[in-house]
Amino acid sequence: MGCAPFDYVTVDSFEHAAQLLRTYGEDAKLLAGGQSLIPMLNLRLLRPSVLIDLNSVPAHAPIITDGELRLSALTRHRSLLEDRLIEAHAPLLPMVAKHIGNVRVRNRGTIGGSLAHGDPSAELCVAALAVDARVDVLGSSGGRTLNASDLFVGYLTTSLEPDEMITAVRIPLPAPRTGWAFEEVVRRGSDFAVVAVAARVRLSDVDGTISDVALALGGVGDRAMTVDAPLLTSAVGTDGSDESLDEIAAMIAAHVEPFSDVRASAAYRRHLVAVLTRRALAGAIARARGGASHR
Amino acid sequence: MKHEITLVVNGVRRTVPVESQETLVDVLHDRLGMPDVRYGCGEGVCGTCTVLLDGSPVSACLMLGVQADGRDIITAAGLCREGDALHPLQESFLRHGASQCGFCTPGMLLTAYDLVERRSLPSRDEIRYTLVGNLCRCTGYTKILDAIEDYAAMRRAEKEEQR
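Chains as they are written, first to last, in our numbering: chain A, 520 to 814; chain B, 25 to 187.
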């Protein structure tokens with residue numbers, strides 16, 4: 520069938536795109552990597568009147584500034600796998616990027632596009648939450664910065680205004696003795712995650728016990744979500760024994776409200792939350808201790 | 025909305041009129057009449073329409089034709105050597121019986137070609153991982169993996185000889 524007709528405009532700056540969004544309103548769509556948008560056009564799930572192509576906007580290489588790793592929104596998934604600065608300061612990103620789609624998706628897809636699409640199972644949405652990422656947003660009336668946790672508001676829905684776009688992703692540089700892990704279950708390789716879990720654990724400089732834990736889940740609700748801190752506090756101050764991780768995992772699994780769909784039943788998803796949470800926490804602790812690489 | 029684009033396809037510069045909504049696979053298959061670029065799923069999942077964009081595999085169904093303006097495209101036909109002689113990777117596919125109906129073969133070849141150029145001697149697991157986005161409904165993949173492993177070993181030997 521193919522796409523319904525639309526007009527195509529290419530821009531070389533985010534500012535120009537913001538002006539065009541103001542002119543065309545909700546009838547326009549932004550085209551970044553296109554790995555989710557173009558399937559939706561091909562299937563005629565969307566029929567925009569105008570496509571604004573961002574691919575000619577210069578995408579700066581990852582940089583460190585003001586204690587943050589700053590990525591252009593147009594950073595492609597492939598760069599997450601290949602860039603040394605990202606590997607050194609945000610190793611969770613390459614860990615999750617290797618699970619995204621297939622080699623063609625990784626060659627075209629962008630981090631800003633993935634976050635703005637807001638798929639509840641998307642690896643990068645889960646990762647953005649687990650690293651406390653913030654996004655720079657630009658609209659026709661100016662810019663703002665918001666936390667990834669304030670970005671996802673529902674199924675494929677973000678808090679971006681119709682004339683706004685993500686221009687950059689900021690990731691705080693990690694404290695020493697921090698480890699990350701990512702676990703997901705898919706029905707077949709390259710598919711969307713049935714359940715995905717990303718963990719970040721920091722160990723105390725003094726006695727090596729857990730001083731901070733963050734956990735993000737995908738595939739268990741209408742959006743990628745952060746696990747509420749009170750569910751994790753029992754781990755703080757402990758050395759992360761098997762029993763304590765089991766307990767936390769069971770508590771989180773009891774707390775989530777997963778759904779049933781073609782991929783899995785709600786009960787199976789709940790089971791996966793427990794198993795994958797347990798694995799992700801153990802993996803992050805091991806890496807924080809320096810016992811395992813992030814590759 | 026009409027556009028005129030100029031792109032290089034398998035080393036030949038082509039100027040083509042395209043509508044905004046035409047995808048790259050529409051342009052290559054329908055406008056330029058290339059039978060080795062095939063529409064499969066339209067969702068970037070099956071890998072049938074794989075082409076190399078400036079050297080890297082992309083789904084031609086998930087790019088607009090107009091986005092290929094000024095870019096370099098290689099299709100399976102572009103792998104052939106002078107006088108339509110088969111590429112050693114194609115020879116390996118033939119030798120191993122890695123192609124049956126042939127529908128997926130162009131995408132398999134281009135994905136494998138890129139992998140071997142990037143990774144030199146990929147492990148069987150790496151080949152499997154990289155081919156996850158190329159679906160074959162005939163062969164069961166084993167012979168495809170054999171063919172690529174064999175070609176990679178050959179290519180590696182060739183590179184070492186050149187040193």
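Quick reminder that beta carbons are idealized off the backbone N, C-alpha and C, glycines included.
Residue environment: residue 545/A is assigned as exposed (fewer than 16 neighbouring CB atoms within 10 Å of its CB, all protein chains considered). Here the alpha carbons of residue 88/B and residue 575/A stand approximately 14 angstroms from one another.
By the CB criterion at 8 angstroms, residue 539/A and residue 571/A fall inside the cutoff. The C-alpha of residue 85/B is placed about 15 angstroms away from the C-alpha of residue 620/A.
Contact between residue 597/A and residue 625/A is confirmed by a C-beta separation of about 5 angstroms, below the 8 angstroms threshold. When DSSP reads this structure, residue 717/A sits in a beta bridge with 701/A and 735/A. Boundaries of the alpha helix (DSSP H) around residue 130/B: 129–143. Rounded to the nearest whole angstrom, the C-alpha separation of residue 120/B and residue 138/B is 20 angstroms.
A straight line joining the alpha-carbon of residue 56/B with that of residue 542/A spans about 35 angstroms.
For the options 569/A, 635/A, 601/A and 584/A, the alpha carbon positioned closest to that of residue 552/A is the one of 635/A. Interface annotation for the stretch 90–113 of chain B against chain A: 90 and 91, criterion Cβ-Cβ distance under 7 angstroms.
Closer than 7 angstroms at the C-beta level to chain B, one finds these residues of the stretch 521–546 of chain A: 521, 522, 523, 524, 525, 526 and 527. For residue 67/B, the closest Cβ of chain A is nearer than 8 angstroms. The beta carbons of residue 589/A and residue 689/A sit closer together than 8 angstroms.
Relative to the Cα of residue 710/A, the nearest Cα in the group 604/A, 555/A, 675/A and 745/A belongs to 555/A. Residues of the stretch 685–711 of chain A with a C-beta atom less than 9 angstroms from some C-beta of chain B are 707, 708, 709 and 710, listed in chain order. Across the structure, residue 573/A and residue 159/B are spaced so that their CA atoms are roughly 30 angstroms apart. Residue pairing from DSSP leaves residue 674/A without any beta-bridge partner. Where residue 74/B is concerned, the enclosing beta strand (DSSP E) starts and stops at 74–77.
Look at the stretch 146–162 of chain B: the residues with a C-beta under 9 angstroms from a C-beta of chain A are 152, 153, 154, 155, 156, 157 and 158.
In this structure residue 600/A is in contact with residue 613/A, their Cβ atoms being roughly 5 angstroms apart against a cut-off of 8 angstroms. Sequence-distant Cβ neighbours of residue 732/A in its own chain, meaning closer than 6 angstroms and more than five residues away, are 720, 751 and 754. Against chain A, a Cβ distance below 7 angstroms from residue 85/B picks out 561. Membership of residue 98/B in the beta strand (DSSP E) is indicated by the continuous run 96–98.
When the alpha-carbon of residue 67/B is set against those of 807/A, 557/A, 566/A and 563/A, the nearest one is in 557/A.
The Cβ atoms of residue 134/B and residue 101/B do not sit closer than 8 angstroms to each other.
Those residues of the stretch 563–585 of chain A placed with their C-beta closer than 8 angstroms to a C-beta in chain B are 570, 572 and 574, ordered along the chain. Under the DSSP assignment, residue 805/A falls in the alpha helix (DSSP H) whose first and last residues are 785–807. Taking a 10 Å sphere around the C-beta of residue 582/A, we find fewer than 16 other C-beta atoms and assign the residue as exposed. For residue 180/B, the uninterrupted alpha helix (DSSP H) segment begins and ends at 166–186.
Residue 617/A holds the alpha-carbon nearest to the alpha-carbon of residue 703/A among 617/A, 726/A and 549/A. Apart from the 5 residues on each side of it in sequence, residue 157/B sits with its Cβ closer than 6 angstroms to the Cβ of 71 in its chain, given in chain order. Straight-line spacing of the CA atoms in residue 169/B and residue 107/B works out to 28 angstroms.
Taken in chain order, the unbroken stretches of beta strand (DSSP E) that lie wholly in the stretch 520–592 of chain A and span 3 residues or more are 526–529, 547–550, 569–572, 582–584 and 587–591. Per DSSP, residue 765/A is one residue of the alpha helix (DSSP H) stretching across 761–774.
Residue pairing from DSSP places residue 661/A in a beta bridge opposite 658/A.
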